[in-house]
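Per the UniProt record's numbering, residue 1 is the first one in the sequence shown, and the count goes up by one each step.
Only one structure is covered here, and it is reproduced in the block below.
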Amino acid sequence: MQKNNQSHVTQAEYKATIKRLEEFSRFTDSSIGIPFTKFSFGVESLIGLLPVVGDLAGLILSGYVLIEAQRLGVSKRVKSRIILNMLVDFVGGLIPFFGDIFDAMFKANTRNTRILKKHLSDKLTTNP
1 MQKNNQSHVT QAEYKATIKR LEEFSRFTDS SIGIPFTKFS FGVESLIGLL
51 PVVGDLAGLI LSGYVLIEAQ RLGVSKRVKS RIILNMLVDF VGGLIPFFGD
101 IFDAMFKANT RNTRILKKHL SDKLTTNP
């Protein structure tokens with residue numbers, strides 16, 4: 001039986017994890033801005049330009065958020081939402097041309113970081 005570490009998340013661990021995930025998400029989803037627009041994309045979108053292999057690499061990169069969620073002992077429901085976003089991003093990215101645009105706009109890592117941040121924030125406010 002796996003031990004649930006959720007109640008042992010300290011404020012310092014929470015902040016450090018969220019900071020790492022926000023930096024990771026920015027790098028993978030929005031680190032490259034298009035001049036004179038508000039649109040940006042990340043390294044994962046560039047990698048995704050390589051058919052199939054790039055999308056697989058992006059899926060593997062996205063696994064980092066899931067690993068952090070597992071390490072923190074979040075619920076199966078939260079992990080399921082993270083996995084769903086990873087799969088939507090992966091499958092959407094497989095569509096030639098449109099998949100690359102979809103990948104740049106969907107920003108799965110940013111979505112997943114937000115999900116995890118909200119969950120941890122809720123947990124810390126209910127269990128100080």
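Where a beta carbon is used, it is the ideal one built from N, C-alpha and C, also for glycine.
**Request:** Please classify residue 75: does DSSP put it in a helix, a strand, or coil?
**Result:** coil
**Item:** Exposed unless 16 or more other CB atoms sit within 10 angstroms - verdict on residue 125
**Value:** exposed
**Message:** Pop quiz: residue 103 and residue 22 are said to be a contact at Cβ under 8 Å. What is the actual Cβ separation, rounded to whole angstroms?
**Reply:** At roughly 20 Å, the Cβ-Cβ gap does not stay under 8 Å, so residue 103 and residue 22 are not in contact.
**Request:** Identify every run of the alpha helix (DSSP H) within the region 69–127, keeping only runs that are complete inside it and at least 4 residues long; order them along the chain.
**Result:** 76–93, 98–106 and 108–126
**Message:** Quick check on this structure: which residue in 99, 76, 55 and 93 has the alpha carbon closest to the alpha carbon of residue 115?
**Reply:** 76
**Asked** In the DSSP assignment, what are the bridge partners of residue 40?
**Response** 33
**Candidates 69, 16, 19 and 28: closest to residue 57 by CA position** = 28
**Item:** Rounded Cβ spacing between residue 31 and residue 110 (contact assumed at less than 8 Å)
**Value:** Contact doesn't hold; Cβ gap of about 11 Å is too wide.
**Asked** Using the beta-carbon count (16 or more within 10 Å), is residue 121 buried or exposed?
**Response** exposed
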